[in-house]
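Residue numbers (UniProt numbering): 1 to 852.
The beta-carbon is built from N, C-alpha and C at its ideal position, and this holds for glycine as well.
Data first, discussion second: the structure below is written as structure tokens.
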Amino acid sequence: MTASKPQTTDFTKDVLGRYINNGMDEALNSTDKNGQRPDGSPTSDARPFDVIVIGGGSFGPVFAQHLFSTDHTHSHRILVLDSGSLLLTEHVQNYPPIGLGVPPPTENDPFRLRAEVWGLPWRADPAKVPQGFPGLAYCLGGRSLYFGGWSPRLLDTGTDTEMPRDRWPDSVVTELNDKYFAEAAQQIGTDQTNDFISGPMHDALRKHLFDGIEADEVPEAIKPAELPLHLDLPPGIPAAMKEQLKLEAPLAVKSREGSGLFPFNKFSAMPLVIKASRAASTESMHAVGYPDNVKKRFMVVPHCRVIRLVTNIQDGLGRVTGVECEIYVPICGDDSNVQKQRLTIPVADTANVVIALGTIESARLALLSFQGIRNYDRIGKNLMAHLRSNLTISIPRTSLSSLSPAVKVLQASALFVKGRHTFSDGSGEGYFHLQITAAGLDKLTSDSEAELFKKIPDLDSMLPLHQVNDHTIVITIRGIGETQEQNPGSNITLKNDETDEVGVQRALVTYNLSGNDFELWDAMDKASDDVARVFAGGNSFTVFTAPDRPQTVAPTADLSLIVPYKPVWEGGRRDGMGTTHHEAGPLNMGDDPDTSVTNADARFHFLENAYVAGPALFPTVGSPNPMLTGVALARRLADRLTVAPFKADAGFNLLFDGADASKWRMSTITNQANNFPGGRLVVNGALESVPGNDIGMFWHTDPTPHDFVLKLEWLRWREDDNSGVFIRFPHPDSKNYNNTAYVAVNFGFEIQIDQLARPDGSPLSKTGAIYGFAPPDDPNNLPVKPVGEWNEFEIHVQGQNYIVFLNGVKITEYDNPDTARGQPSTGSNPSFIGLQTHTGRVAFRKIQIRAL
Numbered sequence: 001m002t003a004s005k006p007q008t009t010d011f012t013k014d015v016l017g018r019y020i021n022n023g024m025d026e027a028l029n030s031t032d033k034n035g036q037r038p039d040g041s042p043t044s045d046a047r048p049f050d051v052i053v054i055g056g057g058s059f060g061p062v063f064a065q066h067l068f069s070t071d072h073t074h075s076h077r078i079l080v081l082d083s084g085s086l087l088l089t090e091h092v093q094n095y096p097p098i099g100l101g102v103p104p105p106t107e108n109d110p111f112r113l114r115a116e117v118w119g120l121p122w123r124a125d126p127a128k129v130p131q132g133f134p135g136l137a138y139c140l141g142g143r144s145l146y147f148g149g150w151s152p153r154l155l156d157t158g159t160d161t162e163m164p165r166d167r168w169p170d171s172v173v174t175e176l177n178d179k180y181f182a183e184a185a186q187q188i189g190t191d192q193t194n195d196f197i198s199g200p201m202h203d204a205l206r207k208h209l210f211d212g213i214e215a216d217e218v219p220e221a222i223k224p225a226e227l228p229l230h231l232d233l234p235p236g237i238p239a240a241m242k243e244q245l246k247l248e249a250p251l252a253v254k255s256r257e258g259s260g261l262f263p264f265n266k267f268s269a270m271p272l273v274i275k276a277s278r279a280a281s282t283e284s285m286h287a288v289g290y291p292d293n294v295k296k297r298f299m300v301v302p303h304c305r306v307i308r309l310v311t312n313i314q315d316g317l318g319r320v321t322g323v324e325c326e327i328y329v330p331i332c333g334d335d336s337n338v339q340k341q342r343l344t345i346p347v348a349d350t351a352n353v354v355i356a357l358g359t360i361e362s363a364r365l366a367l368l369s370f371q372g373i374r375n376y377d378r379i380g381k382n383l384m385a386h387l388r389s390n391l392t393i394s395i396p397r398t399s400l401s402s403l404s405p406a407v408k409v410l411q412a413s414a415l416f417v418k419g420r421h422t423f424s425d426g427s428g429e430g431y432f433h434l435q436i437t438a439a440g441l442d443k444l445t446s447d448s449e450a451e452l453f454k455k456i457p458d459l460d461s462m463l464p465l466h467q468v469n470d471h472t473i474v475i476t477i478r479g480i481g482e483t484q485e486q487n488p489g490s491n492i493t494l495k496n497d498e499t500d501e502v503g504v505q506r507a508l509v510t511y512n513l514s515g516n517d518f519e520l521w522d523a524m525d526k527a528s529d530d531v532a533r534v535f536a537g538g539n540s541f542t543v544f545t546a547p548d549r550p551q552t553v554a555p556t557a558d559l560s561l562i563v564p565y566k567p568v569w570e571g572g573r574r575d576g577m578g579t580t581h582h583e584a585g586p587l588n589m590g591d592d593p594d595t596s597v598t599n600a601d602a603r604f605h606f607l608e609n610a611y612v613a614g615p616a617l618f619p620t621v622g623s624p625n626p627m628l629t630g631v632a633l634a635r636r637l638a639d640r641l642t643v644a645p646f647k648a649d650a651g652f653n654l655l656f657d658g659a660d661a662s663k664w665r666m667s668t669i670t671n672q673a674n675n676f677p678g679g680r681l682v683v684n685g686a687l688e689s690v691p692g693n694d695i696g697m698f699w700h701t702d703p704t705p706h707d708f709v710l711k712l713e714w715l716r717w718r719e720d721d722n723s724g725v726f727i728r729f730p731h732p733d734s735k736n737y738n739n740t741a742y743v744a745v746n747f748g749f750e751i752q753i754d755q756l757a758r759p760d761g762s763p764l765s766k767t768g769a770i771y772g773f774a775p776p777d778d779p780n781n782l783p784v785k786p787v788g789e790w791n792e793f794e795i796h797v798q799g800q801n802y803i804v805f806l807n808g809v810k811i812t813e814y815d816n817p818d819t820a821r822g823q824p825s826t827g828s829n830p831s832f833i834g835l836q837t838h839t840g841r842v843a844f845r846k847i848q849i850r851a852l
């Protein structure tokens, strides 16, 4: 059973863990219609989770938080499951140095977490993937807590595209370009120039690089004039400077925000998790005063390993019906000693499941879960990753002629070059980019990020940076290149001879690069060498053949002989294919199920309720790091699943559209002991009552027409739920009542909702009655639907004639003789409608009115 309060360890009070997360028992109990709340009230209004997100790493939280925040009708209950723990609340580089980092890649799983949270769940043939993989970060936020921050946009212009329409669904490309790339850039912080990277050295390096590219000194670089400018720039910047700014590094770091707002600095998914979780908790407290798990629309359950998705498949078509998982709870805070429980979370008929694990594990889960769907053999194909090389040089500051000698402290720079290579076989173009980081230093070192991506928390660390006299600039040029899509030699399968700790097959990862992949890699490395010579400016410079091995070279030296175009384990510059974290494509989206796994909406072609978020969707990988595109597609998927507000029927005006309750007010109680009238929640597109300790009323502040038809739907969860619809009453504050709801009782009429006809069983108190005045014509045979189903009232009010229809059947009619009650609305004496808060919970939706 999950602890209800923050637990205290040897060193910390776990407020963050308790305030952000829920236990599985809490999540499941919140769906139980037969349970009780802490105050003893029944949970008959409980709803199942209708969106279950598998993975709380980089992209699952982006999807889940965006869906939560745009779900204005509060239709969804979102459950995020993750096998890790809460580790950090934001990117590791937003903290002072705490010693957490990414461990080096490994070919062999040590069967323990490295660097606190890193594990390797899949396998690969070392001959196919030398160096192996760093693996996954088993924590909320996942690898987004560690990622480098470089987040360029996939190129798509009239002459170049990394999203070819014969691979990508046309609708996806259009929407990414028109909306979602810009939204994603704004969210992660790449929509503006790098305000945290500036200064004379940065400006000089950028100009030097720009001039070299314009002079064709880097033949494979795409000239800035051919590239779009995606930055949100202030007015007044000259056109020539705008071209230079296309070389700005697209880093997911925001150090300035709007007035009064703190920036998030380097992006990660964790602030999104926290924001949604705390907003859901606060929202659930409305009208009850405590976090009501039943009403939480967003829950995060860590320590939950999803094993497989239980799927009902018939004739190659299927739907997910359950999530099989294993919950583990460390005993006495010891990760090596855990209590485990296996269970299956039921997936409701209307629910969707979103696979948002890392690319390889997403493919594995699909392979384990969806045997029998028509295109099962497509799962795991189209695996792509990035080619990556590193070249580090140093140049004397005098190589930059535009850099004033009066500038002593050079600080840091980050720049970006986009490259294009035309393949020799005539098959088209391949794309790469160069990520350039630089630091001005007073002593020789190979660390070009010595002053980049650092949070300096104390004056003692800051002062030395301002007191040095930098004479050397160290520059690292990192090349990132795409691999070709639909390569049959690169794939993910299930490993038949090894199971993991929960008894299911591990993923087996295979990379086989094509001839074009190697050709692009050579071109990219050559472009890095060209850029190095541009920065050297015709002077001798230093090349680091290893971090501690500088070598001075002539300006015309062939750098491929000094730092060969070979893997690092052979003395070269090229990283292993598994080291980039940039796996993509094995669940690729497309219009044709014969060549793709998922459709343009990111849903599996032959599964009605299974979706994917993350780079596993990419039909091609391009050269950009997958963060921006993954965030864009996650936001797009959330928009696809958002429930739109109701629209009025012809001739009617909406009083409540399922989202906007701004014109509704709660009645008030003063000067009496029972002073809580209850409340109303927006839940699933409806206004749901929360009973108080005296009757209350939620009333609409727009006066009704003189004569009208009022239509609405209502739902009760229990036979003893009690409410009603008030009509034609004066302004609740007009009579100086202690309880203003009684203005409607005494001066208007109530159309009753109470199948038990309390207090005395009289037909005058039964559903459909004009309470106390006119019973239904046939009170024992009312066309009322069972609890849990929606009913419709249609109430006609003309003159002093009142007619009530229930589910299309006329049940009650009344002619009012009392001139003091039910007066028609006029300009000087308006009347209103309201919804009663009584006992139990009753929901109302599609509330609309038409003048007669």
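Compute the beta-carbon to beta-carbon distance between residue i and residue j, rounded to the nearest angstrom, for a pair I have assumed lies under 8 Å.
i    : j    : result
R397 : G440 : 7 Å
T545 : T552 : In fact, because the Cβ distance is near 11 Å, the residues do not count as touching under 8 Å.
L247 : L415 : 5 Å
I770 : F793 : Incorrect: roughly 12 Å between the Cβ atoms, too far for contact.
G578 : V129 : 5 Å
G84  : V117 : 6 Å
Which residue from the options puts its Cα closest to that of residue i?
i    : options                   : result
E519 : T493, D425, V509 and I562 : D425
G538 : S596, K33 and H208        : H208
G428 : A536, D639, P779 and D160 : D160
F147 : P219, V253 and D191       : V253
L145 : D170, N94 and R114        : N94
A27  : V294, V273, T43 and V129  : V294
P732 : A744, F726 and N722       : A744
L655 : P624, L383, T704 and S667 : T704
I307 : P730, T701 and I54        : I54
Q505 : I751, I360, I473 and R574 : I360
E719 : P134, D335, G840 and V568 : G840
A661 : L712, F698 and D166       : F698
Y138 : P103, P200 and R165       : P103
Flag this pair as yes or no: are the beta carbons of residue i and residue j separated by less than 8 Å?
i    : j    : result
F606 : G318 : yes
A356 : A613 : yes
F676 : N693 : yes
A412 : A438 : yes
T483 : A124 : no
L140 : L87  : yes
A610 : V320 : yes
G322 : V347 : yes
P626 : A600 : no
Alpha helix (DSSP H) containing residue i: first to last residue?
i    : result
L67  : G60 to T70
D639 : M627 to L641
I274 : M270 to S284
W521 : G515 to A536
Report buried or exposed for residue i, applying the criterion of at least 16 other Cβ atoms within 10 angstroms of its Cβ.
i    : result
I237 : exposed
T819 : exposed
Q467 : Its pLDDT being 41, under 50, Q467 is placed unreliably by the model, and nothing is read from it.
R342 : exposed
F747 : buried
W569 : exposed
I456 : Below a pLDDT of 50, predicted positions are generally treated as unreliable, and I456, at 38, falls in that range; the measurement from the model is reported next regardless. Under this definition I456 is an exposed residue.
M462 : Confidence at M462 is low in this model, with a pLDDT of 36, below 50, so the placement of that residue should be treated as unreliable; the coordinate-derived value is given next. Counting Cβ neighbours within 10 Å, M462 comes out exposed, since fewer than 16 surround it.
Q798 : exposed
F844 : buried
L559 : buried
Looking at the secondary structure, which residues open and close the beta strand (DSSP E) in which residue i lies?
i    : result
M589 : M589 -> no beta strand (DSSP E), and no H or E assigned at all.
L715 : F708 to R716
I655 : Rather than Ile, the amino acid found at residue 655 in this sequence is Leu. From DSSP, the beta strand (DSSP E) with L655 extends over N653 to F656.
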